[in-house]
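A short worksheet on the structure shown next.
Number of protein chains: 2
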Amino acid sequence: MCIATHHHLRNGDALLGALVREIDALGLRDIRIASSSVHPVHAELIPYIKKGVISVFECGVNGLIGELASKGEISTPIIVRSHGGRARSIITGEVKIDAAFIAAPCCDRFGNMNGYYGPSACGSLGYAHTDAEYAAKVIAVTDNLSNGAISPVAISQSLVDYVVEVESLGDPQKIVSTTTRVTRDPVGLQIANYAAQVIEASGLLCDGFSFQTGAGGISLAVAEKVRNLMAERQIKGSFGCGGITGYFVDMLEEGLFESLYDVQCFDLKAVDSIGRNLHHQELSADAYANPFNAGAMVNRLDAVILGATEVDVNFNANVNTESNGYLLHNTGGHCDTAAGAKLSIITAPLLRGRLPIIRDAVTTVSTPGHTVDVIVTERGIAVNDHCRELKEELIRRKLPVKEIEDLRREACHMTGEPRPVELMDEVIALIEYRDGSIIDAVRRVKE
Amino acid sequence: MCIATHHHLRNGDALLGALVREIDALGLRDIRIASSSVHPVHAELIPYIKKGVISVFECGVNGLIGELASKGEISTPIIVRSHGGRARSIITGEVKIDAAFIAAPCCDRFGNMNGYYGPSACGSLGYAHTDAEYAAKVIAVTDNLSNGAISPVAISQSLVDYVVEVESLGDPQKIVSTTTRVTRDPVGLQIANYAAQVIEASGLLCDGFSFQTGAGGISLAVAEKVRNLMAERQIKGSFGCGGITGYFVDMLEEGLFESLYDVQCFDLKAVDSIGRNLHHQELSADAYANPFNAGAMVNRLDAVILGATEVDVNFNANVNTESNGYLLHNTGGHCDTAAGAKLSIITAPLLRGRLPIIRDAVTTVSTPGHTVDVIVTERGIAVNDHCRELKEELIRRKLPVKEIEDLRREACHMTGEPRPVELMDEVIALIEYRDGSIIDAVRRVKE
Numbered sequence: 000m001c002i003a004t005h006h007h008l009r010n011g012d013a014l015l016g017a018l019v020r021e022i023d024a025l026g027l028r029d030i031r032i033a034s035s036s037v038h039p040v041h042a043e044l045i046p047y048i049k050k051g052v053i054s055v056f057e058c059g060v061n062g063l064i065g066e067l068a069s070k071g072e073i074s075t076p077i078i079v080r081s082h083g084g085r086a087r088s089i090i091t092g093e094v095k096i097d098a099a100f101i102a103a104p105c106c107d108r109f110g111n112m113n114g115y116y117g118p119s120a121c122g123s124l125g126y127a128h129t130d131a132e133y134a135a136k137v138i139a140v141t142d143n144l145s146n147g148a149i150s151p152v153a154i155s156q157s158l159v160d161y162v163v164e165v166e167s168l169g170d171p172q173k174i175v176s177t178t179t180r181v182t183r184d185p186v187g188l189q190i191a192n193y194a195a196q197v198i199e200a201s202g203l204l205c206d207g208f209s210f211q212t213g214a215g216g217i218s219l220a221v222a223e224k225v226r227n228l229m230a231e232r233q234i235k236g237s238f239g240c241g242g243i244t245g246y247f248v249d250m251l252e253e254g255l256f257e258s259l260y261d262v263q264c265f266d267l268k269a270v271d272s273i274g275r276n277l278h279h280q281e282l283s284a285d286a287y288a289n290p291f292n293a294g295a296m297v298n299r300l301d302a303v304i305l306g307a308t309e310v311d312v313n314f315n316a317n318v319n320t321e322s323n324g325y326l327l328h329n330t331g332g333h334c335d336t337a338a339g340a341k342l343s344i345i346t347a348p349l350l351r352g353r354l355p356i357i358r359d360a361v362t363t364v365s366t367p368g369h370t371v372d373v374i375v376t377e378r379g380i381a382v383n384d385h386c387r388e389l390k391e392e393l394i395r396r397k398l399p400v401k402e403i404e405d406l407r408r409e410a411c412h413m414t415g416e417p418r419p420v421e422l423m424d425e426v427i428a429l430i431e432y433r434d435g436s437i438i439d440a441v442r443r444v445k446e
Numbered sequence: 000m001c002i003a004t005h006h007h008l009r010n011g012d013a014l015l016g017a018l019v020r021e022i023d024a025l026g027l028r029d030i031r032i033a034s035s036s037v038h039p040v041h042a043e044l045i046p047y048i049k050k051g052v053i054s055v056f057e058c059g060v061n062g063l064i065g066e067l068a069s070k071g072e073i074s075t076p077i078i079v080r081s082h083g084g085r086a087r088s089i090i091t092g093e094v095k096i097d098a099a100f101i102a103a104p105c106c107d108r109f110g111n112m113n114g115y116y117g118p119s120a121c122g123s124l125g126y127a128h129t130d131a132e133y134a135a136k137v138i139a140v141t142d143n144l145s146n147g148a149i150s151p152v153a154i155s156q157s158l159v160d161y162v163v164e165v166e167s168l169g170d171p172q173k174i175v176s177t178t179t180r181v182t183r184d185p186v187g188l189q190i191a192n193y194a195a196q197v198i199e200a201s202g203l204l205c206d207g208f209s210f211q212t213g214a215g216g217i218s219l220a221v222a223e224k225v226r227n228l229m230a231e232r233q234i235k236g237s238f239g240c241g242g243i244t245g246y247f248v249d250m251l252e253e254g255l256f257e258s259l260y261d262v263q264c265f266d267l268k269a270v271d272s273i274g275r276n277l278h279h280q281e282l283s284a285d286a287y288a289n290p291f292n293a294g295a296m297v298n299r300l301d302a303v304i305l306g307a308t309e310v311d312v313n314f315n316a317n318v319n320t321e322s323n324g325y326l327l328h329n330t331g332g333h334c335d336t337a338a339g340a341k342l343s344i345i346t347a348p349l350l351r352g353r354l355p356i357i358r359d360a361v362t363t364v365s366t367p368g369h370t371v372d373v374i375v376t377e378r379g380i381a382v383n384d385h386c387r388e389l390k391e392e393l394i395r396r397k398l399p400v401k402e403i404e405d406l407r408r409e410a411c412h413m414t415g416e417p418r419p420v421e422l423m424d425e426v427i428a429l430i431e432y433r434d435g436s437i438i439d440a441v442r443r444v445k446e
């Protein structure tokens, strides 16, 4: 059997662990997990992997599970999918979910639910919509059961087979798992400064501008700079989308965006906003990023700011493994937004610790290079060949444009050529691209 | 081919007529119309029926088309479905819509839409959701195209294949096609008074009460009485649903309901409300009334107030034909709510003109008697046999409870036995019950 949960409570989720304990107690084995993501808190699943309760992860994993798989200490196939790819795989029937368990922070006795109110409020339930529509059985699980008639209804009772009450769905304080403040690190600020200038130079920053960033310190610094530019020049943007932070809520409330389309709230300010603001809209992962529907929202993005653990001289980006080869991260919307947005910018320091970030070839291809437009480091900006006009404009503006090979060399000059990670033949995970093709395999690391 | 539109602009709809004219101009013939309903304004389709452009109505019809079919002047099979039955028929694949044309009063260039804002604002697009999800091609048609990013999103761009701009979708003033004021007619007021007392006697009028009425003068008079009772007794209801009027908006805003679930706005006050109030929620016809999903909203209704053109001594109700046999009305949510609600009340005057409303057998069974609980007339209240406790309580409260056969006789005593309408063998329409079974056939009237 295949079960799914969603990850809107991120590292505060208590449901997946509780489910797997119950599944084990029932004596069930060989369960496939098709959750929208798995977080470090789910290290609690490791004994159940070893015991054979869990046999496959039909989803990417963040944290220890991937690390142990990389080391060969657990043997569980992992199929990593992007947010859009996951929605596609469910809708096409590639992944058949037998039972979707939806953590519902606000739920009535008939299964109408939203994530906006209650002790476990997490905001958008965007990743769970496709599950609710396509799973054979849909179970709403709530710690805030209403006897009345809740509204807004994010997921309708007409899709819900069972409603189950539990004591707690988890801890929404742990939604915020990374820094959600603008970086104060001078390297990060330099990168953000360049990235904002790239957006400015692109000509996209005008009325109708649409934008997505993550929740990391550099992303937020770029958002802050873009926000200031928009306010100064009285630019009226159209929308922010994807994972939403308080910064984007401010931009909505300042009139810099008409709408927010929210697949996942990255902080509690976003959670508060979505429950009171008609123009802060919940967005399903399907509508957000599925490449095979009639038109996903990512296709409308002007600019997206992305991170990476590595990039390479062909602009391929790795967000799944670290340079040591360990599978530590899920893809999220990385490859979806890179493919959809008019301008996809990867921001990264040239070095992390003593490792150069720009390599001859990334350890794992998460996002193919042809969908990445610009790589911004503190030491220079590399522009992909298909963006000649942008490159010329950046040069005209005297920004430090460099060939990506030169940036790679510059980094290696400081650190020496990095020792290639030694990998075995054994495949521990597949990286499925958003369209369903396999774009890379993650192999076991030789210890 | 099969096309569909929705009827939220009711008698103000300009889209279906324009489409059929274009279809004719393209030389297409033998088109099936699977709209959510057809209104008197669509008498403009009659030449195209005669010409063979339109061959079948996969939906009920209001007005002249049914009348002409009843007289044998046009020969076009008509399959009448309730709102829930229509959603079911589309989802199960019984009705396959090739192209759904969705009148979108507020729409962006990518197809995100709502009905809340703009010159043709009609409020909820509840009947169009299933079309958007299941039609082979989905075309948003708008007279209010936004270059930006609209919100709220009632129907997502990810379901929309084309966006077409037109000058006008129609006239929202004509949404209000019947009286939408509380009746001042003493007969109507007497009926409303009794109906409210039946609700009171049922024991359902307590905290958590849920309620639906139509938009007619008697329904609104009942709503007003219920509202006063709730306010006096500080009863906090849970929800109003179905077609929503300004009366229900007032009840929401006075705190008498927690939420409104709106499949169709019956007046412009409701249209205004749904575009600004988070707790006035759009509801799809599927979630509203489909008998085959995981739990439709009608199943949660405590009480519904319904009308009828005729009822019979077995509590069957006719809403489709008049006593002259003409097919003049669509079923709407009549049989869906009667089946779902704990207490379904039909209000009707004992006589209309010189015709008794209670018959030995209705001309057409729209809603089967076993789903009807009480029939309220100005001369007495008939209670169905399966509601013995309610009947006893009404008698205890000294309400004028009568056997339905006695009420029938009383009416006939005043008017004489009505002459049965003379019908031919030829079937001009089928009445499909919400579950897909055929519960009656409408026959051609002998002129």
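As they're listed, the protein sequences go chains H and Y.
Residues 0 to 446 in numbering that gives the first Met the number 0 are what the first sequence lists, from first letter to last.
Residues 0 to 446 in numbering that gives the first Met the number 0 are what the second sequence lists, from first letter to last.
Ideal placement from N, C-alpha and C gives every residue a C-beta, glycine not left out.
Computed from a predicted model, the values in this text were never measured in an experiment.
State the CB to CB distance for the pair Y/V79 and Y/A428, rounded to an integer number of angstroms; the pair is presumed to be in contact (CB under 8 Å). On the second sequence, position 80 is the one that residue 79 of chain Y refers to. On the second sequence, position 429 is the one that residue 428 of chain Y refers to. The pair is a contact, with the Cβ atoms about 6 Å apart (cut-off 8 Å).
Of all Cβ atoms in chain H, is any one closer than 8 Å to the Cβ of Y/H328? The count along the second sequence starts at 1 and reaches residue 328 of chain Y at position 329. By this cut-off, Y/H328 is not an interface position.
Give every residue of the same chain whose Cβ lies closer than 6 Å to the Cβ of H/A139, excluding the five residues on either side of it in the sequence, and list them in chain order. Within the first sequence, residue 139 of chain H is the residue found at index 140, counting from 1. Excluding sequence neighbours, H/A139 sits near I101, A103, C106, G110, M112, V159 and V162.
H/M250 by DSSP, collapsed to three states: which one? Translated into the one-based positions of the first sequence, residue 250 of chain H becomes position 251. Three-state DSSP puts H/M250 in a helix.
Segments of 4+ residues assigned as alpha helix (DSSP H) that fall wholly inside the region 199-270 of chain H: 216-231 and 245-252
Please compile the residues from chain Y whose C-beta is within a distance smaller than 8 Å of the C-beta of H/I149. Within the first sequence, the letter at position 150 stands for residue 149 of chain H. Result: E257 and S258.
Counted within 10 angstroms of its Cβ, other Cβ atoms place Y/G415 as buried (16 or more) or exposed: By 1-based counting over the second sequence, the position of residue 415 of chain Y is 416. Exposed is the call here.
Mind checking whether H/G202 and Y/G147 have CB atoms under 8 Å apart? In the first sequence, residue 202 of chain H corresponds to position 203, counting from 1. In the second sequence, residue 147 of chain Y corresponds to position 148, counting from 1. Taking 8 Å as the Cβ cut-off, H/G202 and Y/G147 do not qualify as a contacting pair.
Report the residue ranges of all beta strand (DSSP E) runs contained in full by the region 137-173 of chain H; include only those spanning at least 3 residues, in chain order. 161-164
Three CB pairs or more closer than 8 Å across the region 312-322 of chain H and the region 116-124 of chain H: no
Who are the Cβ neighbours of H/A195 in its own chain at under 8 Å, not counting the five residues just before and after it? Position 196 of the first sequence holds residue 195 of chain H. The answer, listed in chain order, is V221, K224, V225 and L228.
Under 8 Å between the Cβ atoms of Y/V94 and Y/P76? Looking up residue 94 of chain Y in the second sequence gives position 95. Looking up residue 76 of chain Y in the second sequence gives position 77. The answer is no: Cβ separation not under 8 Å.
Buried or exposed, going by whether 16 or more other CB atoms sit within 10 Å of the CB of Y/A13? As a first step, residue 13 of chain Y is located in the second sequence; it is residue number 14 there, counting from the start. Buried, by the Cβ-count rule.
Can you check whether the CB of H/R443 is closer than 8 Å to the CB of H/G71? Residue 71 of chain H sits at position 72 when you count from the first residue of the first sequence. Residue 443 of chain H sits at position 444 when you count from the first residue of the first sequence. In contact: H/G71 and H/R443 (Cβ atoms closer than 8 Å).
Would H/L406 and H/T376 qualify as a contact pair, given that the criterion is a beta-carbon distance under 8 Å? Numbered from 1 along the first sequence, position 407 holds the residue referred to as residue 406 of chain H. Numbered from 1 along the first sequence, position 377 holds the residue referred to as residue 376 of chain H. A contact, by the Cβ cut-off of 8 Å.
Give the interface partners of H/G451 over in chain Y, defined as CB-CB distance under 8 Å, in chain order. Only positions 0 to 446 of chain H appear in the structure, and residue 451 of chain H is not among them; the question remains open.
Residue-level contact to chain Y via CB, H/L158, 8 Å cutoff: Taking the first sequence and counting its residues from 1, one reaches residue 158 of chain H at position 159. It does; some Cβ of chain Y falls within 8 Å.
Grab me the residues of Y/D301's own chain with a C-beta within less than 6 Å of its C-beta, minus the 5 sequence neighbours each way, in chain order. Against the second sequence, residue 301 of chain Y aligns to sequence position 302. Within the same chain, Y/D301 has close Cβ partners L203, F208, S209 and K341.
Inter-residue CB distance, H/L219 and H/R275 (contact presumed, cutoff 8 Å): On the first sequence, residue 219 of chain H is found 220 positions in, with the first residue counted as 1. On the first sequence, residue 275 of chain H is found 276 positions in, with the first residue counted as 1. No, H/L219 and H/R275 are not in contact; Cβ-Cβ is about 23 Å, not under 8 Å.
Just checking: is the beta-carbon of Y/L44 within a distance shorter than 8 Å of some beta-carbon in chain H? Residue numbering aside, residue 44 of chain Y sits at position 45 when the second sequence is read from its first letter. No, no contact with chain H.
Kindly indicate which three-state DSSP category Y/S343 falls into: helix, strand or coil? Within the second sequence, numbered from 1, the residue matching residue 343 of chain Y stands at position 344. Three-state result, Y/S343: strand.
Relative to the C-alpha of Y/V400, which candidate in Y/E421, Y/D372 and Y/V364 has its C-alpha closest? Residue 400 of chain Y sits at position 401 when you count from the first residue of the second sequence. Measuring from the Cα of Y/V400, the nearest candidate turns out to be Y/D372.
State the Cα-Cα distance for the pair H/N315 and Y/L251, rounded to the nearest angstrom. Along the first sequence, read from residue 1 onward, the residue named residue 315 of chain H stands at position 316. Along the second sequence, read from residue 1 onward, the residue named residue 251 of chain Y stands at position 252. If I take the Cα positions, the gap works out to 54 Å.
Run through chain H and tell me which residues come within less than 8 Å of Y/V137, C-beta to C-beta. By 1-based counting over the second sequence, the position of residue 137 of chain Y is 138. Within chain H, the residues near Y/V137 are A293.
List the residues of chain Y that H/S209 touches, going by C-beta distances under 8 Å, in chain order. On the first sequence, residue 209 of chain H is found 210 positions in, with the first residue counted as 1. Correct list: A148.
Under 8 Å, Cβ to Cβ, is there at least one residue of chain H near Y/H128? Numbered from 1 along the second sequence, position 129 holds the residue referred to as residue 128 of chain Y. No, Y/H128 lies away from the interface with chain H (no Cβ there is under 8 Å from its Cβ).
With a cut-off of 8 Å, do at least 3 Cβ pairs link the region 27-43 of chain H to the region 285-301 of chain H? no
By the DSSP assignment, the beta strand (DSSP E) with Y/D311 in it spans what residues? Start at 1 with the first residue of the second sequence, and residue 311 of chain Y comes out as number 312. Y/D311 -> beta strand (DSSP E) spans E309 to D311.
Excluding the 5 residues flanking H/I73 on each side, which residues of the same chain have their C-beta closer than 8 Å to its C-beta? Mapped onto the first sequence, residue 73 of chain H falls at position 74. I45, I48, K49, I64 and L67, listed in sequence order.
Taking Cβ-Cβ distances shorter than 8 Å, what residues in chain H pair up with Y/N289? Along the second sequence, one-based indexing puts residue 289 of chain Y at 290. Simply S157.
With the cut-off set at 8 Å, would you say H/V137 and H/A86 are in Cβ contact? Position 138 of the first sequence, counting from 1, holds the residue named residue 137 of chain H. Position 87 of the first sequence, counting from 1, holds the residue named residue 86 of chain H. The answer is no: Cβ separation not under 8 Å.
Between the Cα of H/K235 and the Cα atoms of H/V248, H/D249 and H/E257, which residue gives the shortest distance? Within the first sequence, residue 235 of chain H is the residue found at index 236, counting from 1. Among H/V248, H/D249 and H/E257, the Cα nearest to that of H/K235 is on H/E257.
From H/G169 to H/D130, what distance separates their C-alpha atoms? Numbered from its first residue, the first sequence carries residue 169 of chain H at position 170. Numbered from its first residue, the first sequence carries residue 130 of chain H at position 131. Their backbone Cα atoms lie some 20 Å apart in a straight line.
Establish whether the CB of H/V152 and some CB of chain Y are separated by less than 8 Å. Residue numbering aside, residue 152 of chain H sits at position 153 when the first sequence is read from its first letter. Answer yes: the Cβ-Cβ gap between H/V152 and chain Y drops below 8 Å somewhere.
Taking C-beta to C-beta, are Y/H38 and Y/G62 nearer than 8 Å? Residue 38 of chain Y sits at position 39 when you count from the first residue of the second sequence. Residue 62 of chain Y sits at position 63 when you count from the first residue of the second sequence. In contact: Y/H38 and Y/G62 (Cβ atoms closer than 8 Å).
Distance, Cα to Cα, Y/E231 vs Y/T336? Along the second sequence, one-based indexing puts residue 231 of chain Y at 232. Along the second sequence, one-based indexing puts residue 336 of chain Y at 337. Near 27 Å, if we compare the C-alpha coordinates of Y/T336 and Y/E231.
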